[in-house]
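Going by numbering that gives the first Met the number 0, the sequence shown opens with residue 0, and the numbers climb by one from there. Ideal Cβ positions, reconstructed from N, Cα and C, are used throughout, including at glycine.
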Amino acid sequence: MVRNRAAAWCLTTFLLFLWRTDLSAQFQFAQEYEQVEQLGGIGADLDFEAIKLPINKDEKVYNIYEDSLGYIWIRSGAHGCLRYDGKAFSHISYQLSDHPPSQNLVVHDICEDHNGSHWLSTKENLLYFDNQNKTVEFRASAYLKRNQDEWHRALFNMEKTSSGELLIGTKAGMAIYDPKTDSVTAFLQFAPYREDDASTTNHIRHITADSNDENLFWCVTRSGFYLYNHQLQTFKKIESRHYAKDNWEYYRFRYNVPLGDWLFTIEMRNHLMGFDTRTRQWAEVGHWQDTTNTQRNVLFDIKPLDNSFLFLSSHLSGPFLIDPTRKKFMHLRFTVNGEKPPSTEIWGFCVDKNGYLWTSVGYSGFLLRSKKPIISAKPKTCHVDLQYLELNGSDFDYSRIKDNYLVLENNERSIALRYRFINPDPAQNWKSFYRLKGYSDTWESLDEGWIRRDDLNAGDFTLETKLESPKETIAGAEFQISVKPFWYERSIVWLLSIGVLGIGFVLTSIFARSNKYRNPQGSEMEKKMKDLKAKAQKSQLDQDFILTTLSSIKQLVEKDQDESAVHYLNQFSKFVRKVLIYSEKPLITLEEELEMCRLYLEMERIRFSWSFTFTFDISPDMDPSFFSVPPLLLQPYLEQVVWERFSQKEGDQWLRINVKNEDERIHCILEDNGNEKTGMKKNDHILTSNRYLKNNQDWINENITLKIFQKEGNQRIELIFETGM
């Protein structure tokens, strides 16, 4: 008797010592993390109210979750699943009437579908809870009966794909379930299943969708961390930092939650790890100091909180709030109605839409709710089910909808949608409304459920819905619609067209102004008229050149190459501006001529999709600004190279412009590797720019020597003139 009392006294003293010891010190955060007493407006001290659960006191609450309708779901032990509506609890799994008595109804995961109903995975079955009828049904029964050994009595985490399928992690691999046909379309494994060997099992414990790619899913498995590609249906193993040493380590990883581009997971039950999905690098947030493996499941659960923080629960240290971005953490201190809780062992938790924290501790048999919101309340919303969608009078492919966002092609201008509201409180007299922002800001009745628009223009629209009752107004989910424009509906086309027309107007004005001097008076007036006519001819660009420019801009816009179209117009405006300025001069500097050539070649490179390159090589012993030439002396020869030699050849194409001073003469050499069958002859017609040479033909004949060579497919054009010009 004395021994028993002494043992009881020692045990009580030890438990009191553990209770008064700050067990948070046993969890060591990374060196750069700083402990604070307030994080994101949340204080370290939280007081809770207790709600009695209809379960045995020795049952744990494994997970807590709030659905889109505001119900709190509690996943416990033998009682399966409970749902709390704020007043009473209902047993979801116990509503099954035809299940065998020996069947184990422990619920492993809950997944909500698009209409407020839920999928439940148990050790032996996939269940479907119909929210409207409040009934539970078996699903995939034929497959389960046929493949009991492969399925192996263990359905765990579920994740939805963009096409509406369910990815179900099981003890033997991944099942891909199609709710439309109630069938498992594929069962995938990345290693042969061996029941007697924990290190090689296909046990998939948790699946999380990638935040950037809808086809990628991150899988926590019993044998490592994997990246699953749903489009290819392949697994790729991601190397981790730590590895289990003993077979009793049942899960090397447990959960993985997204926060931005990072995933956070619990590894080997005592390491909190961060994984950068962009760089594929691991970073340790913290670890449990005790490495003797005497405590199992030291760290239990992590969840993102308000898209900024991580909430970490543990068995012995209590809960933590972590800010991975700012490298700060806070140890939360719980009280229940002002008193210390019977245990620091935290399992499941969630934060509801109003900002209240729900959790449970140890084997208390109570559900805890914080007395104050820990984050700002989220707007109250109602659930809206898109039942039917029709485009241009035809059935719609629902896989085109990504995260409530739909992109319509430019010929899809007629749309019909049918919605169904899932009323949060059927007792209220609700009326439904909608508006299509971008089309009209007026709210219209949606009591019939149909929305029709047959005259959508190009642009972005937001479909908003709401429910109204005499007591309150609740917003529904938003639906984004974007209609692609035809090329001529794009604002950039109009801007570019106005720019080109404006340039044409300026050129026409200059030509009209020159006509005022058409009445000659004596030889002096005739000379002036001749000079003005020559200037006008220089300044007036060829009509084909302008039409080709407009056509090029149109093609760039149709290909969604807006930046290239704007760059093309900028080069064109600079080129025309210089033509206008230099047309007033009989001669310009060689430097100015080379700059016009550069602008012209930049335009042509954009037009020909950068299919050729060009370089200017000017001899360092000469200054091109000291020498004079007629405007557009070299440009016609460049046009011949681009349009005749480059347009008929594929592969690498280059053009070199070499300017040098030899024997008191300027040598301008144009060399290219264009099509050898389209070489230029000395008297060849020079395309649209021939008029510029014609205006200065006498000057060219007197002052310039033109040489043209063809060798091994390359063409060399050399213009030589005296330096004294």
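Note to self: Rounded to whole angstroms, what is the Cα-Cα separation between residue 91 and residue 316?
What the structure shows: 32 Å
Checklist line | C-alpha distance - residue 394 paired with residue 131, whole-angstrom precision | finding: 26 Å
Notebook entry, point to check: Among the residues of its own chain, which have a CB less than 7 Å from the CB of residue 216, if the five just before and after it don't count?
Noted result: 158, 166, 206, 207, 208, 209, 227 and 229
Check: What does DSSP give as the partner residues of residue 358 in its beta bridges?
Finding: 348 and 367
Note to self: Less than 7 Å between C-beta atoms, sequence neighbours within five positions excluded: which residues of the same chain meet that for residue 618?
What the structure shows: 658, 659 and 660
Checklist line | C-alpha gap between residue 134 and residue 60, whole angstroms | finding: 23 Å
Margin query: Using 8 Å for Cβ pairs, my map puts residue 603 next to residue 641. What's the rounded Cβ distance?
Written below: 5 Å
Notebook entry, point to check: Taking buried to mean at least 16 other C-beta atoms within 10 Å of its own C-beta, is residue 442 buried or exposed?
Noted result: exposed
Check: Which class does residue 561 belong to by DSSP, given the choice of helix, strand or coil?
Finding: helix
Next item on the list: Go through its chain and collect everything with a Cβ distance to residue 28's Cβ below 6 Å, but skip five positions before and after it.
Entry: 285 and 328
Checklist line | Residue from 598, 559 and 649 whose Cα sits closest to the Cα of residue 573 | finding: 598
Next item on the list: Leaving out five residues on either side along the sequence, give the residues of the same chain with a beta carbon under 8 Å from the beta carbon of residue 653.
Entry: 611, 612, 613, 614, 671 and 672
Margin query: What does the Cβ neighbour count give for residue 139, buried or exposed, with the cut at 16 atoms within 10 Å?
Written below: buried
Notebook entry, point to check: In the structure shown, what three-state DSSP assignment does residue 118 receive?
Noted result: strand
Check: Taking all protein chains shown into account, do 16 or more other C-beta atoms lie within 10 angstroms of the C-beta of residue 709, making it buried, or fewer, making it exposed?
Finding: exposed
Next item on the list: Output the distance between the C-alpha atoms of residue 552 and residue 567, rounded to the nearest integer angstrom.
Entry: 7 Å
Check: Between which two residues does the beta strand (DSSP E) carrying residue 204 extend?
Finding: 203–208
Next item on the list: Apply the 10 Å Cβ neighbour rule to residue 232 and answer buried if 16 or more other Cβ atoms are within range, or exposed otherwise.
Entry: exposed
Notebook entry, point to check: Shortest alpha-carbon distance to residue 299 belongs to which of 269, 281, 51 and 633?
Noted result: 269
Checklist line | DSSP three-state assignment for residue 609, whether helix, strand or coil | finding: coil
Margin query: Excluding the 5 residues flanking residue 258 on each side, which residues of the same chain have their C-beta closer than 6 Å to its C-beta?
Written below: 303
Next item on the list: Please classify residue 83: is it buried, with 16 or more other beta-carbons within 10 angstroms of its beta-carbon, or exposed?
Entry: buried
Check: By the 10 Å Cβ neighbour count, where 16 or more other Cβ atoms means buried, how is residue 636 classified, buried or exposed?
Finding: buried
Margin query: Helix, strand or coil, according to DSSP, for residue 236 in the structure here?
Written below: strand
Note to self: Using only CA atoms, which one of 457, 430 and 590 lies nearest to residue 475?
What the structure shows: 430
Next item on the list: Return the first residue and the last residue of the alpha helix (DSSP H) that residue 637 is part of.
Entry: 634–639
Notebook entry, point to check: Taking Cβ positions, are residue 69 and residue 339 nearer each other than 9 Å?
Noted result: no
Next item on the list: For residue 102, count neighbouring Cβ atoms within 10 angstroms of its own Cβ and tell me buried if that reaches 16, exposed if not.
Entry: Bear in mind that a pLDDT of 49 at residue 102, under 50, signals an unreliable position, so the number given afterwards is only what the model happens to contain. Exposed, by the Cβ-count rule.
Note to self: Going by beta-carbon coordinates alone, are residue 336 and residue 123 separated by less than 9 Å?
What the structure shows: no
Next item on the list: Report the three-state DSSP secondary structure of residue 70 (helix, strand or coil).
Entry: coil
Notebook entry, point to check: Under a three-way DSSP split, which group does residue 434 fall into?
Noted result: strand
Margin query: At the level of alpha carbons, what is the spacing between residue 36 and residue 368?
Written below: 21 Å
Next item on the list: Just confirm the distance between the C-beta atoms of residue 156 and residue 204, as a whole number of angstroms; I'd bet it's less than 8 Å.
Entry: 6 Å
Margin query: Output needed for residue 645: all residues of its chain with C-beta closer than 6 Å, excluding positions within five of it in sequence on either side, in chain order.
Written below: 611, 652 and 673
Notebook entry, point to check: Could you give the residue range of the beta strand (DSSP E) that holds residue 168?
Noted result: 165–169
Notebook entry, point to check: Taking the alpha carbon of residue 314 as the point to measure from, which residue in 164, 271, 360 and 350 has its own alpha carbon closest?
Noted result: 360
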